[in-house]
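Here the sequence shown is numbered in numbering that gives the first Met the number 0, starting from 0 and rising by one per residue. For reference, the structure discussed in these notes is given below.
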Amino acid sequence: MHIDTEGRLAHFYRRRVRPLLRAGRRWYQRQREALGARRAAGAGASEAAALTALRAPSARQRWEAAMILGRHPQRSPAAIAALIEALADAEPFVRWKAAVALARQDVANVFPPLVEALTNGTAWQRAAAAEALGAIGGEAVTAALCRQLGDPEPIVRQAIAAALGQIGDPTAATPLASMLDDADPQV
Numbered sequence: 000m001h002i003d004t005e006g007r008l009a010h011f012y013r014r015r016v017r018p019l020l021r022a023g024r025r026w027y028q029r030q031r032e033a034l035g036a037r038r039a040a041g042a043g044a045s046e047a048a049a050l051t052a053l054r055a056p057s058a059r060q061r062w063e064a065a066m067i068l069g070r071h072p073q074r075s076p077a078a079i080a081a082l083i084e085a086l087a088d089a090e091p092f093v094r095w096k097a098a099v100a101l102a103r104q105d106v107a108n109v110f111p112p113l114v115e116a117l118t119n120g121t122a123w124q125r126a127a128a129a130e131a132l133g134a135i136g137g138e139a140v141t142a143a144l145c146r147q148l149g150d151p152e153p154i155v156r157q158a159i160a161a162a163l164g165q166i167g168d169p170t171a172a173t174p175l176a177s178m179l180d181d182a183d184p185q186v
């Protein structure tokens, strides 16, 4: 009986497990090659191609385009404007990647448009602009964020509080303390 069990196990391994392992290895290899191809394409992608992809129907294409635009700190005003538009994307991951890309840009180029988005954009744009400004940091950023602490949207107030906490400027302690009594517990 012991030999029969071993034989059945060996048969099961050869017929069922080994083909699954081979298929898994082939799938992994294909995924690895596809990722390498996307990375290679992104490394040499032009700004114009990334701007086109930033408006693609696929969320994956949009966030990959935002990542590509964030790799170089000297982007054109058109690229910065497109990234600020992407801060209002329906997909949260795209908004996050756009905010990260903006935070990596030269501060002199992105500070005015980000402050504009913080004051006049949609709720998602204002929240993502606060996140990007928090990653940039500095006294001017702290002042701009503190001016917007009374935003009507809780998601924006929450993002501003998180950004001010990330910056860690002690001058923001008093305005932040006033937010402890906010009507929204997330803030």
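Glycine included, each C-beta is placed from N, C-alpha and C at the ideal position. None of the values given here were measured: they were computed from a predicted structure.
*Counting only the same chain and skipping the five closest in sequence on each side, list residues whose C-beta sits under 8 Å from that of Glu90.*
Taking the sequence shown and counting its residues from 1, one reaches residue 90 at position 91. If we look at Glu90 and ignore the five residues flanking it on each side, its Cβ neighbours are Ala58, Arg61, Trp62.
*asked:* Measuring CB atoms only, is the segment 61–79 touching the segment 92–108, in the sense that at least three cross pairs come out at less than 8 Å?
replied: yes
*Helix, strand or coil for Pro153 per DSSP?*
Within the sequence shown, numbered from 1, the residue matching residue 153 stands at position 154. Three-state DSSP puts Pro153 in a helix.
*Per the contact definition of three or more C-beta pairs closer than 8 Å, is the segment 46–56 in contact with the segment 19–26?*
no
_Taking 7 Å as the threshold (C-beta atoms), are Pro112 and Ile83 in contact?_
Locating residue 83 in the sequence shown gives position 84, counting from the first residue. Locating residue 112 in the sequence shown gives position 113, counting from the first residue. Closer than 7 Å, so yes.
*Output the distance between the C-alpha atoms of Ala162 and Glu32, rounded to the nearest integer angstrom.*
The residue labelled residue 162 in the question sits at position 163 within the sequence shown. The residue labelled residue 32 in the question sits at position 33 within the sequence shown. Going by the C-alpha atoms only, they are around 38 Å apart.
*May I ask which residues mark the beginning and end of the alpha helix (DSSP H) holding Ser45?*
Counted from its first residue, the sequence shown places residue 45 at position 46. Looking at the DSSP string, Ser45 is not in any alpha helix (DSSP H), and its letter there is neither H nor E.
_Status (buried if at least 16 other CB within 10 Å, exposed otherwise) for Leu19_ = Walking along the sequence shown from the start, residue 19 turns up at place 20. Under this definition Leu19 is an exposed residue.
*At what residues does the alpha helix (DSSP H) containing Arg94 begin and finish?*
Within the sequence shown, residue 94 is the residue found at index 95, counting from 1. Note, Arg94: alpha helix (DSSP H), 91–102.
*Contact check, Arg125 vs Leu117 under 8 Å by CB: the rounded distance?*
As a first step, residue 125 must be located in the sequence shown, where it is residue number 126. As a first step, residue 117 must be located in the sequence shown, where it is residue number 118. Confirmed, Cβ separation roughly 5 Å.
*What number of angstroms, rounded off, separates the C-alpha of Val109 from the C-alpha of Gln28?*
As a position in the sequence shown, residue 109 is number 110, starting the count at 1. As a position in the sequence shown, residue 28 is number 29, starting the count at 1. If you take the alpha carbons of Val109 and Gln28, they lie about 40 Å apart.
*Whole alpha helix (DSSP H) runs in the segment 100–171 with 4 or more residues, listed along the chain?*
106–119, 122–135, 138–146, 153–166
_Inter-residue Cα distance where the pair is Asp88 and Glu46_ = Position 89 of the sequence shown holds residue 88. Position 47 of the sequence shown holds residue 46. Roughly 19 Å separates the two Cα atoms.
*Proximity below 7 Å, CB of Val114 to CB of Ala143*: Within the sequence shown, the letter at position 115 stands for residue 114. Within the sequence shown, the letter at position 144 stands for residue 143. Result yes, Cβ atoms of Val114 and Ala143 sit closer than 7 Å.
*Go ahead and pull the three-state DSSP assignment for Val16.*
As a working note, residue 16 is residue 17 in the sequence shown. In the structure shown, Val16 sits in a helix (DSSP, three-state: H, G or I).
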